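Below: the structure, in C-alpha cells.
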Amino acid sequence: MKKRLKIIALVMASVLFISGAVFFVTYKSDFVYIGFEYFARLTRNYKLPQANVEGLSFSSYTLEQLSTRGDVTIDDSAMLINGQYTIPADVKPELVPYGDKQINACMLEALTLMDQHIYELYGESLSVVSAYRSADHQQDVISTSKGDTAAAVGASEHQFGLGIDVGVEGYGGRSFLKTPTGRHVNNHCYKYGFIIRYPLCSFDVTGITYEPWHIRYVGVPHAEIIYKSGMVLEEYIESLSIGDWYEYGGYLISRQHPEAIVLPDHFASCTVSLDNTGYCLVTVEPMVAEFD
Ligand SMILES: [Zn+2]
C-alpha cells in the first residue's frame, strides 16, 4: 500500500513538473530566452584581429574631399549617441520615410531586406513601433516611460533615426521575445547590420536597461563583430585604436581622424561615417586581387 502511494505521488509530481515546464516554455518564453541569452553572452568574446596591409598603397583625404567622390558612401551608421556623446546641434540626420515613420537613410535597404526575410520565414511583418523622434517627441516619451528605458533629449538614437523599436502584431516591448520572430530578430539581426543596442547586463556601460525591441543599425560587418565580441557599441568604438587597420570577413576597418582619412588607392566599396567622438569609422572592401 505504501509503495503504491509513493508511485502515485511520484507520478503526480512528474505531471506537475512537466505541465509547469510546458506552461513556462509556452507562456513565459521570453524568460526562457533571456535565461539562455544570459549564458550565451558569457561565451561571446571574439577579438578583432589587426590586418596585414603591407601590400596596399594608401592616400589621405579630408572628409570634405571624400564627400564629392561618387565611389565613397558617407552615412550616419557609426554615430555613437548616448549621455556622454549627445547629438551635435549643427548635425542633421539623413531621414527617409518607412511606412508611416521616418528612419535614417543608411538602414533602409537592410531593414527592407530583413523584413522581407522575416515575412518569408514567419508570414508576418515587423511593425516599427517607434523610429525617428524629434526632441519634443523624445521629451514626451521620457515623461511617460518607466525606469531607465528612455534616453535624455539629445542622447537618444531615435532623434537620429538610427535606433528603432520593433515588434509584431500584438507583441511589443519585452513580449516581442515571446514570438519566434522576436527571437529571430534578436539572434540574427546582426546579419543585416543591426545590433541589439541595449543588451542584457550592459546597463553599467549604456545606462539603459535591457531592450530586446530596440535595434540599431551600424552596418556590416560591424554588427557581426559586436555580436560575437559581446561588446556594446561604446566598447566597440573604444576598442578601435586610431589609425590602425583591422580585418573581418574580407573587410578592412579603421577608425581615423576626419581631417586625414587614409584609404587604399583601390577598393570595391568604401563607407565612411563620423562616430560622434571626434573620429570616423572607415569600412573598406578591398579589390579581391590585392588583399587576401
Ligand atoms: Zn528605442
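Numbering (the numbering used here), first residue to last: 61 to 352. Glycine included, each C-beta is placed from N, C-alpha and C at the ideal position. In this text the structure is predicted, and so the values were computed from the model without any measurement.
If you check the beta carbons only, do Leu-373 and Tyr-158 fall under 8 Å apart?
There is no way to answer for residue 373, as the model of the chain reaches only from 61 to 352.
Ser-127: beta carbon under 7 Å from a heavy atom of ligand 1?
The sequence position of residue 127 within the sequence shown is 67, counting from 1. Checking every heavy atom of ligand 1 against the Cβ of Ser-127, none is found closer than 7 Å.
Please report how far the alpha carbon of Gly-267 lies from the alpha carbon of His-218, in whole angstroms.
In the sequence shown, the residue the question calls residue 267 occupies position 207. In the sequence shown, the residue the question calls residue 218 occupies position 158. The straight-line gap from Cα to Cα measures roughly 16 Å.
Identify, in the order they occur along the chain, each residue of the same chain with its Cβ nearer than 7 Å to the Cβ of Phe-327, setting aside the five sequence neighbours on each side.
The count along the sequence shown starts at 1 and reaches residue 327 at position 267. Within the same chain, Phe-327 has close Cβ partners Val-344, Glu-345, Pro-346 and Met-347.
Does ligand 1 have a heavy atom nearer than 7 Å to the CB of Ser-190?
On the sequence shown, residue 190 is found 130 positions in, with the first residue counted as 1. Within the cutoff, so yes.
Under the criterion of a Cβ to heavy atom distance below 7 Å, does Asp-200 qualify as lining ligand 1?
Locating residue 200 in the sequence shown gives position 140, counting from the first residue. Checking every heavy atom of ligand 1 against the Cβ of Asp-200, none is found closer than 7 Å.
Going by the DSSP bridge assignment, what does Lys-161 pair with across the sheet?
Here residue 161 refers to the residue found at position 101 of the sequence shown. Answer by DSSP bridge pairing, in chain order: Tyr-158.
I believe Gln-199 touches Val-213 by the beta-carbon criterion, under 8 Å. Please report the beta-carbon distance rounded to the nearest angstrom.
As a position in the sequence shown, residue 199 is number 139, starting the count at 1. As a position in the sequence shown, residue 213 is number 153, starting the count at 1. Contact between Gln-199 and Val-213 holds: their C-beta atoms lie close to 5 Å from each other, under 8 Å.
Among Ala-100, Leu-65, Gly-130 and Ser-137, which one has its Cα closest to the Cα of Cys-340?
If you number the sequence shown from 1, residue 340 lands on position 280. When each option's Cα is compared against that of Cys-340, the closest is Ser-137.
Is Arg-257 near His-274, with beta carbons less than 8 Å apart?
On the sequence shown, position 197 is the one that residue 257 refers to. On the sequence shown, position 214 is the one that residue 274 refers to. A contact, by the Cβ cut-off of 8 Å.
Here's the rule: buried if 16 or more other CB atoms are within 10 angstroms of the residue's CB, otherwise exposed. What is Tyr-287?
Indexing the sequence shown from 1 puts residue 287 at position 227. That one is buried.
Between the C-alpha atoms of Ser-185 and Tyr-98, what's the straight-line distance to the nearest angstrom?
Taking the first residue of the sequence shown as position 1, residue 185 is located at position 125. Taking the first residue of the sequence shown as position 1, residue 98 is located at position 38. Going from the Cα of Ser-185 to the Cα of Tyr-98 covers about 27 Å.
Could you tell me if Tyr-179 is buried or exposed, where buried requires 16 or more neighbouring beta carbons within 10 angstroms of its beta carbon?
Residue 179 sits at position 119 when you count from the first residue of the sequence shown. For Tyr-179, the number of other beta carbons within 10 angstroms of its own is below 16, and it is reported as exposed.
Using a Cβ-based criterion (distance less than 7 Å to any ligand heavy atom), does His-274 qualify as near ligand 1?
Here residue 274 refers to the residue found at position 214 of the sequence shown. Yes, Cβ of His-274 sits closer than 7 Å to a heavy atom of ligand 1.
So what does DSSP say about Tyr-231, is it helix, strand or coil?
Taking the first residue of the sequence shown as position 1, residue 231 is located at position 171. Judged by DSSP in its simplified three-state form, Tyr-231 adopts strand.
Hey, which unbroken runs of the beta strand (DSSP E) at 3 residues or more fall wholly within the stretch 99-157?
Counting whole runs of 3 or more residues, the stretch 99-157 contains the beta strand (DSSP E) stretches 118-121.
Counted within 10 angstroms of its Cβ, other Cβ atoms place Glu-284 as buried (16 or more) or exposed:
Your numbering for residue 284 matches position 224 in the sequence shown. With at least 16 other beta carbons inside 10 angstroms of its own, Glu-284 counts as buried.
State the CB to CB distance for the pair Val-228 and Ile-255, rounded to an integer number of angstroms; the pair is presumed to be in contact (CB under 8 Å).
Here residue 228 corresponds to residue number 168 of the sequence shown, with the count starting at 1. Here residue 255 corresponds to residue number 195 of the sequence shown, with the count starting at 1. The pair is not a contact, with the Cβ atoms about 20 Å apart (cut-off 8 Å).
Given the structure, does His-197 come close to ligand 1, in the sense that its CB is under 7 Å from one of the ligand's heavy atoms?
On the sequence shown, position 137 is the one that residue 197 refers to. Remark: the C-beta of His-197 is outside contact range of ligand 1, defined as less than 7 Å to any heavy atom.
With a 10 Å radius around its C-beta and 16 neighbouring C-beta atoms as the bar for buried, classify Phe-77 as buried or exposed.
By 1-based counting over the sequence shown, the position of residue 77 is 17. It is exposed - the Cβ of Phe-77 has fewer than 16 other Cβ atoms within 10 Å.
How is Ser-301 classed by DSSP in three states: helix, strand or coil?
Along the sequence shown, one-based indexing puts residue 301 at 241. If DSSP states are grouped into helix, strand and coil, Ser-301 belongs with coil.
Distance, Asp-335 Cα to Ile-297 Cα:
In the sequence shown, counting from the first residue as 1, residue 297 sits at position 237. In the sequence shown, counting from the first residue as 1, residue 335 sits at position 275. Each residue's alpha carbon lies about 8 Å from the other.
Could you check the C-alpha separation between Thr-224 and Met-167 for me, to the nearest Å?
Mapped onto the sequence shown, residue 224 falls at position 164. Mapped onto the sequence shown, residue 167 falls at position 107. The sequence given here places Ile at residue 224; Thr does not occur at that position. Approximately 10 Å between the Cα atoms of the pair.
For Gly-223, which beta-bridge partners are listed by DSSP?
Translated into positions along the sequence shown, residue 223 becomes position 163. Note: Gly-223 sits in a beta bridge opposite Arg-276.
Presumed contact (8 Å Cβ cut-off) between Gly-358 and Leu-155, rounded CB distance
No statement about residue 358 is possible, as the shown extent of the chain runs from 61 to 352 and does not include it.
Less than 8 Å between the beta carbons of Pro-272 and Arg-101, yes or no?
Residue mapping note: residue 272 aligns to position 212 of the sequence shown, counting from 1. Residue mapping note: residue 101 aligns to position 41 of the sequence shown, counting from 1. In this structure, Arg-101 does not lie closer than 8 Å to Pro-272 by Cβ.
With a threshold of 6 Å on Cβ separation, who are the neighbours of Phe-263 within its own chain once the five nearest residues in sequence on each side are excluded?
Working through the sequence shown from its first residue, we reach residue 263 at position 203. Setting aside the 5 residues that flank it on each side, Phe-263 is surrounded in the same chain by Thr-269, each with a C-beta closer than 6 Å to its C-beta; the list follows chain order.
Which listed residue (Glu-294, Asp-325, Lys-63 and Ala-195) has its alpha carbon closest to that of Ala-149:
As a first step, residue 149 must be located in the sequence shown, where it is residue number 89. Nearest C-alpha to Ala-149: Ala-195.
Since Val-332 sits in a beta bridge, which residues does DSSP pair it with?
Locating residue 332 in the sequence shown gives position 272, counting from the first residue. Paired residues: Ile-134 and Val-342.
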